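Chains as they are written, first to last, in my numbering: chain A, 1 to 243; chain B, 1001 to 1547. Every residue, glycine too, gets a C-beta built ideally from N, C-alpha and C. This one's a predicted model, so the numbers in the text were calculated from it and none came from an experiment. Scroll down for the structure; my scribbles are underneath it.
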């Protein structure tokens, strides 16, 4: 009995310390980097717990095979005090890990929700089954184009059913729904083309409701923006005269 | 089957026959929904159209697979079949408290199964996933009413079952059985039925509102007329998260029955397992539903509060895990096919439960939600842990039900194909899910790099299909032609083995048992004293292990 308690206490000690394997590193208010950091920490945490319990299970299933047909188990009959200890001590260890992760998760969550003052706002409207990005001044595009190094906040709503804006590379996702405006923000650090897709089931073409996010250097972005502005003006004139 | 036999089964009020009918009904749902899973995997095995070029068809498979597996296989299998057949036997009762209501429950269940299967032949089958989120479920051409009415029937059936079994456990325990002498399976089933009773009305009202919005022009979920689309998601998950425990808890209970018998051991820290674990889960289950809505646009503070409550689920689950591992300590383990499934569940609960921890963190779920990481996580808990516990339970109680063994080389072959197959299917989905592969996609043109992973997953799905075919055929053959089993072949101490014969007749016990305070369903340490603590000595051969 006592050795069992001792062994188990030693084991539970190990996995309480598990999370500490991953070290704290500061990150500038960048939820994507924060996500990767916390993700690795949790993977270590759950792997440590999983390996300890798996090894314990394998060991016991092997060690306690019945030697003969009539053998019975000799599992301990706990005294009330031992029973209480065997409930409270593991519960405290689990809770310690829970609160540790909660604190980490809450910190990162605050980064996700606190929009930087300098963020540029783009309005997003989702339709079955395409996206519309509104840069203001009636400049609208069907793909998202942003300048590098500029925090972007997307204010999103839907014209029909639920959708969800997901840019895996930036680790952001939030549902888009009719009648409410939701937001995500991200900081595009590298130029390039990234996938942006819908992750809330929205019917037939749900899987085809994807576009590209293009992150451009500031001057390229300005060039793109002027071009699309000219196109918008050119398109709007004949329409006006017709009507 | 003669007309006489048909009538005997159709109009039966015997809890064991009703149990067997639940088993047949839920396994039917499992087979059909499993075929849908194969179609889904085939479609995903290649970029572009594979077996259908119509995404709507794919969406209908997804709908049927999800709705049928959860609502018509897992819940009725665990609370319908296992509770019906074994719970009255375990508590020494001759039947349930309200046998006719029990018969009515199974009729409602079969009504729901027939309605669900009819959805294959109507022109516009439901295509709204098992969640049925508005506004899509209201604006779609698909027949949302089928979904709603199927849920109504299943809900009525479950609520009637819940009342029935709670009354049975409270009033019909054999004289002398105190609360701390109940089998863990009895406790977990009681807890599951408490959850059903409390939470089903919420789901029923949510889907009824959906029906009114779509067909009668009300505006509960229509923001243009003052409604709110998030309301439905809150109501749906307020039931459907506890529904996970309606599945998880009885599965854990089955495992405890298998482990204690095959380990010939008492439950380690019984009271912590029951009052901390089982009831801890019941207590916390109504406060965590927002973790299904982490990216749905809920208030920020609520997403934090329920992150903490969600992580705290690890405490009651942890207590049950400690008891389960503790039951192996200093055990005298013997093996059968049921035990193989039970041992595999030790690892499935770890991989399924621990991958829930990143998903409990709001900020981490921002990236993972609605990806195949989530999909793999809940398949590990529901499709693998819970279903494997069920399959283990079927093998373990097979001699009780049919008087024959189902163990043997076919059973082992099925087990190996199943356990390897599920891992080959779902490990690739964990990997690509963490890299952003979304769920519920007919195609994935934006992620061509994931194609090989999908192919491995499809291969795994077909291994499971082979494994389950062997398993189910083996059950059917062994039910009629298997090797005849003696009374109490696993030498259990539980009443259903020691005091009821194999294939019990109506009334269950030749001599209804009475027990003293010293009796325990897990009294292996001194088996003879334990049997003397009952008024009836039980079966010859039950008193002590066969010489």
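So residue i contacts chain A; which residues on that side make the cut at Cβ distance below 8 Å?
| i | result |
| --- | --- |
| residue 1264 of chain B | 66, 71, 72, 73 |
| residue 1357 of chain B | 42, 45, 46, 101 |
| residue 1444 of chain B | 207 |
Can you pull the chain B residues whose beta carbon is under 8 Å from the beta carbon of residue i, in chain order?
| i | result |
| --- | --- |
| residue 204 of chain A | 1055, 1056, 1059 |
| residue 173 of chain A | 1295, 1366, 1367, 1369, 1370 |
| residue 77 of chain A | 1266, 1525 |
| residue 182 of chain A | 1297 |
Under a Cβ-count criterion, where at least 16 other Cβ atoms within 10 Å of its own Cβ denotes burial, should residue i be classed as buried or exposed?
| i | result |
| --- | --- |
| residue 1204 of chain B | buried |
| residue 1292 of chain B | buried |
| residue 1179 of chain B | exposed |
| residue 1118 of chain B | exposed |
| residue 1448 of chain B | exposed |
| residue 241 of chain A | Since pLDDT at residue 241 of chain A reaches only 47, below the 50 mark, its modelled position is unreliable, and no value is offered. |
| residue 1409 of chain B | exposed |
| residue 1400 of chain B | buried |
| residue 62 of chain A | exposed |
| residue 1529 of chain B | exposed |
| residue 67 of chain A | exposed |
| residue 79 of chain A | exposed |
| residue 1417 of chain B | buried |
| residue 1024 of chain B | exposed |
| residue 1229 of chain B | buried |
| residue 192 of chain A | exposed |
| residue 1140 of chain B | buried |
| residue 1299 of chain B | exposed |
| residue 1 of chain A | Caution applies to residue 1 of chain A, whose pLDDT of 43 falls short of 50 and renders its modelled position unreliable; the model cannot decide the point. |
| residue 1503 of chain B | exposed |
| residue 136 of chain A | exposed |
| residue 1175 of chain B | exposed |
Starting from residue i, trace the alpha helix (DSSP H) both ways and give me its first and last residue.
| i | result |
| --- | --- |
| residue 132 of chain A | Segment 130 to 134 is the beta strand (DSSP E) holding residue 132 of chain A; no alpha helix (DSSP H) there. |
| residue 1548 of chain B | In this structure chain B extends from 1001 to 1547, so residue 1548 of chain B is not present and cannot be described. |
| residue 1099 of chain B | 1099 to 1118 |
| residue 1356 of chain B | 1356 to 1360 |
| residue 1065 of chain B | 1055 to 1067 |
| residue 1178 of chain B | It is not in any alpha helix (DSSP H) - residue 1178 of chain B carries neither H nor E in the DSSP assignment. |
Starting from residue i, trace the beta strand (DSSP E) in both directions and tell me its first and last residue.
| i | result |
| --- | --- |
| residue 192 of chain A | 192 to 198 |
| residue 152 of chain A | 152 to 158 |
| residue 126 of chain A | 120 to 127 |
| residue 213 of chain A | 210 to 216 |
| residue 296 of chain A | Shown here, chain A extends from 1 to 243; a query on residue 296 of chain A therefore has no answer. |
| residue 164 of chain A | 163 to 167 |
| residue 1282 of chain B | Not the beta strand (DSSP E): residue 1282 of chain B falls in the alpha helix (DSSP H), residues 1279 to 1284. |
| residue 175 of chain A | 172 to 176 |
| residue 145 of chain A | 144 to 147 |
Closer than 9 Å by beta-carbon distance: list the chain B residues that pair up with residue i, in chain order.
| i | result |
| --- | --- |
| residue 153 of chain A | Correct list: empty, because the minimum Cβ distance to chain B is about 15 Å. |
| residue 109 of chain A | 1300, 1303, 1304, 1307, 1361, 1362, 1363, 1366 |
| residue 38 of chain A | 1358, 1361, 1363, 1364 |
| residue 122 of chain A | Within chain B, no residue comes near residue 122 of chain A; the closest Cβ sits about 18 Å away, beyond 9 Å. |
| residue 83 of chain A | 1269, 1270, 1271, 1272 |
Examine chain D for any beta-carbon lying closer than 8 Å to the beta-carbon of residue i, and answer yes or no.
| i | result |
| --- | --- |
| residue 195 of chain A | Among the protein chains of the structure shown, namely A and B, there is no chain D. |
Cβ closer than 7 Å: which chain A residues qualify as neighbours of residue i?
| i | result |
| --- | --- |
| residue 1334 of chain B | 66 |
| residue 1209 of chain B | Simply none; closest approach about 16 Å. |
| residue 1440 of chain B | 201, 206 |
Quick one: list the residues of chain A neighbouring residue i, beta-carbon separation under 9 Å, in chain order.
| i | result |
| --- | --- |
| residue 1314 of chain B | 94, 95, 97, 98 |
| residue 1532 of chain B | Within 9 Å Cβ-Cβ: nothing; residue 1532 of chain B doesn't reach chain A, min ~16 Å. |
Determine the chain B residues that contact residue i at a beta-carbon separation under 7 Å, and present them in chain order.
| i | result |
| --- | --- |
| residue 164 of chain A | 1295, 1370 |
Give, in chain order, every unbroken run of the alpha helix (DSSP H) that is at least 4 residues long and sits entirely within the region 1367 to 1408 of chain B. 1372 to 1378, 1387 to 1402
Does the contact criterion of 3 or more C-beta pairs under 8 Å hold for the region 1468 to 1485 of chain B versus the region 1072 to 1083 of chain B? no
Could you tell me whether the region 1243 to 1262 of chain B touches the region 192 to 200 of chain A, using the rule of 3 or more Cβ pairs below 8 Å? no
Okay, do the region 1489 to 1509 of chain B and the region 1450 to 1462 of chain B touch, 3+ Cβ pairs below 8 Å being the bar? no
Cβ contact (3+ pairs, closer than 8 Å) linking the region 206 to 226 of chain A and the region 129 to 142 of chain A: yes
Three or more C-beta pairs closer than 8 Å, one from the region 99 to 115 of chain A and one from the region 28 to 39 of chain A: is that the case here? yes
Any contact between the region 1264 to 1282 of chain B and the region 1228 to 1237 of chain B? By contact I mean 3 or more CB pairs, one from each, below 8 Å. no
Return the chain-ordered ranges of every beta strand (DSSP E) run that is complete within the region 1180 to 1204 of chain B and spans a minimum of 3 residues. none
When you compare the region 181 to 195 of chain A with the region 160 to 173 of chain A, are there three or more beta-carbon pairs, one atom per stretch, that lie closer than 8 Å? yes
May I ask you to verify whether the region 1462 to 1472 of chain B touches the region 1030 to 1044 of chain B, counting CB pairs closer than 8 Å and requiring at least 3? yes
For the region 145 to 154 of chain A against the region 210 to 229 of chain A, do three or more pairs of beta-carbon atoms, one drawn from each stretch, fall closer than 8 Å, so that the two count as touching? yes
Does the region 32 to 41 of chain A come within contact of the region 1345 to 1365 of chain B, defined as at least 3 CB pairs closer than 8 Å? yes
Using 8 Å as the threshold, is the region 1205 to 1223 of chain B in touch with the region 1138 to 1156 of chain B, meaning 3 or more CB pairs across them? yes
Three Cβ pairs or more, each shorter than 8 Å: is that satisfied between the region 1181 to 1191 of chain B and the region 1253 to 1267 of chain B? yes
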